[in-house]
Amino acid sequence: MTGLDKVFIGKIVNSLSGLKVEVFERGYVTVRGRQIIDIGNLADKCECLDKKFGNVERIQLKNSQILIPGFVDTHIHAPQYPNCGLGYDKTLLDWLDAYTYKLERVYRDSKFSKDVFDKVVKKCLDHGTTTACYYGPLFNSANVILTDSVEKYGQRALIGKVTMTQSPYPDYVEGEEEFMKNITEFVRHVLSRQNDLIQPIITPRFALSLNSSQMRQLGDLAESQNLHIQTHIAENKDEIRMVQETYNKPYARVYDDAKLLTNKTVLAHGIYLTDEDLDLIAERNTGISHCPDSNTCLKSGLCDVKRLLERGIKVGLGSDVSGGPVPSIRQAMKSALDTSVHLSFIKDNYEPLTYDQVFCLATIGGAEVLHMQEKIGNFAVNKEFDALIVDVDVESCQVDDVLDRTPLEILQKFVYCGDDRNVVGIYVAGRKKEIKNVIHRQTTDRYIVI
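According to my numbering, the sequence shown is numbered sequentially starting from 366.
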């Protein structure tokens, strides 16, 4: 039956641009291969399904389940995954020195790289991340292994070999003569795979990791090949002060002068953006990845997402592992709600975000930030079918649910009370992933980071 069209029947919650949701109490989505060919309501409850859908494979959802678009993680550091939950007694720059750079140097070891990257890709999928925007390590060989892992498990991803000519460690930095050679080779490698689920993304670590000329070379490369770009901005007050001392210009202008602000650029954090920064980012149609867990764990600050949205800026959510402790966009949704509520305590006439709005940020919002909204992000005819089946009545979940629920009530309970155990079906480009049931831990290897 694998060659047949598939029709998913049951409760559906769809996200729309503008922080709107579309709800089908008894709906259907029909999929042909990887593409959505129909979506709608079963208007007549007595209608014969055989008559309506004919010879198709039917997936009937339980009453405790909803079908939703797959989650988009717009900012995650794959090599930092082993450090989840560590170092949150520090602030950003001290945390980078004490934990992050030390760990990332280890990715010269191909066995270590494979072990970590297999784990992080599987874990992201388990949590419902059908599309991830990955920061990779410095070394091309390790980034090839990350690409292998993404391809093996069938995730949709942007993969960025981090570019850094300045760092606290002389053995974790690229020379001025080699950094462009390295990134050009990696971009060529990813494109040579001809896998349309995987794309390279130009990844200057942040404005203090390169000089203006080097960032401009990356901007030229991205422009010449129409590539995505990702970096960090305005995450931490000490970082902002150092950028100002180094460049003597607004933070967003530093990137724009290097041709790094485009409609395919993802800027992580953006907590302390000035009005001038926001105007420029909006003009360039650049997106912001809101990473509320990381902003709290590293004590960076509270990002006012509504301020960004009101300026017409695209916003998605990021787990920012390992600044954030879990590679879970459901967790990021909950933390985005917490952040918004906390802001309402200190700002006058401030209406915090709602659960359905952060659901939109996690799906279509993330797709817009990654400039993939024509292909993914929600259920629409001709888009690819990236989807999750969420069930609030599963064994050993955090909260038992014993009542019949509307689609939005199921979504709300999942956002506030759920975890990866509630994600019981995962589809990328129409193909079901069997990560949880098929993949088991095969090794107990342990590693020492010196």
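C-beta: ideal position from N, C-alpha, C; glycine also. Computed from a prediction, not measured in an experiment: that's the story for all the values here.
Counting only the same chain and skipping the five closest in sequence on each side, list residues whose C-beta sits under 6 Å from that of residue i.
{"i": "arginine 806", "result": "Only weak support exists for where arginine 806 lies, its pLDDT of 37 falling under 50; the coordinates are left without a value."}
{"i": "glutamate 608", "result": "It should be pointed out that residue 608 corresponds to valine in this sequence rather than to glutamate. Same-chain partners within the cutoff: Ala572 and Tyr616."}
{"i": "lysine 410", "result": "Because the pLDDT at lysine 410 is just 46, under 50, the model does not fix this residue reliably, and the point stays unresolved."}
{"i": "isoleucine 404", "result": "Val394 and Phe744"}
{"i": "glycine 398", "result": "Gly795"}
{"i": "valine 372", "result": "Tyr393, Thr395, Phe418, Val421 and Arg423"}
{"i": "proline 690", "result": "Cys449 and Gly450"}
{"i": "leucine 575", "result": "Thr530 and Pro569"}
{"i": "phenylalanine 544", "result": "Thr528 and Thr530"}
{"i": "tyrosine 720", "result": "Gln777 and Val780"}
Hey, would you say residue i sits closer than 9 Å to residue j, going by beta carbons?
{"i": "cysteine 489", "j": "isoleucine 441", "result": "yes"}
{"i": "threonine 439", "j": "glycine 584", "result": "no"}
{"i": "valine 757", "j": "phenylalanine 779", "result": "yes"}
{"i": "glycine 683", "j": "serine 665", "result": "no"}
{"i": "leucine 638", "j": "methionine 580", "result": "no"}
{"i": "glycine 681", "j": "leucine 726", "result": "yes"}
{"i": "threonine 500", "j": "proline 444", "result": "The amino acid at residue 500 is misidentified as threonine; the sequence shows tyrosine. In this structure, proline 444 lies closer than 9 Å to tyrosine 500 by Cβ."}
{"i": "isoleucine 678", "j": "isoleucine 636", "result": "no"}
{"i": "isoleucine 524", "j": "isoleucine 563", "result": "yes"}
{"i": "asparagine 613", "j": "phenylalanine 551", "result": "no"}
{"i": "leucine 817", "j": "valine 631", "result": "For residue 817 there is no data in the structure shown, the boundaries of the chain being 366 and 815."}
{"i": "lysine 629", "j": "leucine 673", "result": "no"}
{"i": "threonine 495", "j": "valine 759", "result": "no"}
{"i": "arginine 770", "j": "serine 557", "result": "no"}
Output needed for residue i: all residues of its chain with C-beta closer than 8 Å, excluding positions within five of it in sequence on either side, in chain order.
{"i": "serine 506", "result": "Arg473, Ser475 and Ser478"}
{"i": "isoleucine 729", "result": "Ser380, Leu381, Ser382, Pro434, Gln738, Gly742 and Asn743"}
{"i": "tyrosine 537", "result": "Tyr466, Glu469, Arg470, Leu503 and Met529"}
If you count every other CB in all the chains shown that lies within 10 Å of the CB of residue i, and 16 or more means buried, which is it?
{"i": "lysine 526", "result": "buried"}
{"i": "phenylalanine 482", "result": "buried"}
{"i": "glutamate 604", "result": "buried"}
{"i": "glycine 783", "result": "buried"}
{"i": "threonine 568", "result": "buried"}
{"i": "leucine 369", "result": "exposed"}
{"i": "glutamine 559", "result": "exposed"}
{"i": "serine 532", "result": "buried"}
{"i": "asparagine 747", "result": "exposed"}
{"i": "lysine 427", "result": "exposed"}
{"i": "glutamate 541", "result": "exposed"}
{"i": "glutamine 590", "result": "exposed"}
{"i": "alanine 623", "result": "buried"}
{"i": "valine 803", "result": "Here valine 803 scores only 36 on pLDDT, less than 50, and its place in the model is too uncertain to base an answer on."}
{"i": "serine 687", "result": "buried"}
{"i": "serine 578", "result": "exposed"}
{"i": "alanine 587", "result": "buried"}
{"i": "tyrosine 459", "result": "It is worth fixing the name first, because residue 459 is aspartate in this sequence and not tyrosine. So aspartate 459 ends up on the exposed side."}
{"i": "aspartate 685", "result": "buried"}
{"i": "glutamate 675", "result": "exposed"}
Please work out which residues of its chain come closer than 7 Å, Cβ to Cβ, to residue i, disregarding the five sequence neighbours upstream and downstream, and give them in chain order.
{"i": "alanine 497", "result": "Asp438, Ile441, Cys489, Gln520 and Ala522"}
{"i": "glycine 493", "result": "Gly435, Phe436, Ile694, Arg695, Leu753, Val788 and Ile791"}
{"i": "isoleucine 431", "result": "Lys376, Ile377, Val378, Val755, Pro772, Ile775 and Leu776"}
{"i": "threonine 611", "result": "Leu573"}
{"i": "tyrosine 715", "result": "Leu708 and Ser709"}
{"i": "leucine 384", "result": "Gln722 and Cys725"}
{"i": "valine 486", "result": "Ser514, Val515, Tyr518 and Gln520"}
{"i": "leucine 511", "result": "Ala443, Phe482, Tyr499, Gly501 and Ile524"}
Compute the Euclidean distance between the alpha carbons of residue i and residue j, then round it to the nearest angstrom.
{"i": "serine 705", "j": "alanine 599", "result": "18 Å"}
{"i": "glutamate 799", "j": "valine 789", "result": "10 Å"}
{"i": "valine 386", "j": "phenylalanine 750", "result": "17 Å"}
{"i": "cysteine 656", "j": "alanine 633", "result": "7 Å"}
{"i": "isoleucine 828", "j": "lysine 602", "result": "Since the first residue shown for the chain is 366 and the last is 815, residue 828 is missing from the structure and cannot be characterised."}
{"i": "tyrosine 466", "j": "proline 692", "result": "19 Å"}
{"i": "cysteine 762", "j": "aspartate 785", "result": "9 Å"}
{"i": "leucine 718", "j": "proline 447", "result": "31 Å"}
{"i": "cysteine 662", "j": "glycine 731", "result": "22 Å"}
{"i": "arginine 649", "j": "valine 764", "result": "44 Å"}
{"i": "tyrosine 620", "j": "valine 767", "result": "52 Å"}
{"i": "aspartate 491", "j": "leucine 457", "result": "28 Å"}
{"i": "aspartate 640", "j": "serine 654", "result": "18 Å"}
{"i": "arginine 391", "j": "tyrosine 781", "result": "24 Å"}
{"i": "glycine 452", "j": "threonine 596", "result": "22 Å"}
{"i": "valine 388", "j": "aspartate 454", "result": "42 Å"}
{"i": "lysine 797", "j": "arginine 606", "result": "47 Å"}
{"i": "arginine 553", "j": "isoleucine 594", "result": "16 Å"}
Fully enclosed by the stretch 467 to 538, which alpha helix (DSSP H) runs are 4 residues long or longer? 475 to 491 and 505 to 518
My parser needs the beta strand (DSSP E) runs of 3 or more residues fully inside the stretch 379 to 407; what are they? 385 to 397 and 400 to 406
Which runs of the alpha helix (DSSP H) fall wholly inside the stretch 764 to 806 and span at least 4 residues, in chain order? 772 to 782 and 800 to 803
Quick one: which unbroken beta strand (DSSP E) runs of 3-plus residues sit fully inside the stretch 543 to 583? Chain order, please. 563 to 569
Suppose only complete runs of 4+ residues qualify. What are the alpha helix (DSSP H) ranges in the stretch 685 to 729, listed by chain order? 694 to 711 and 720 to 725
Which runs of the alpha helix (DSSP H), 4 residues or longer, sit entirely within the stretch 629 to 670? List check, alpha helix (DSSP H) in window: 640 to 648 and 657 to 662.
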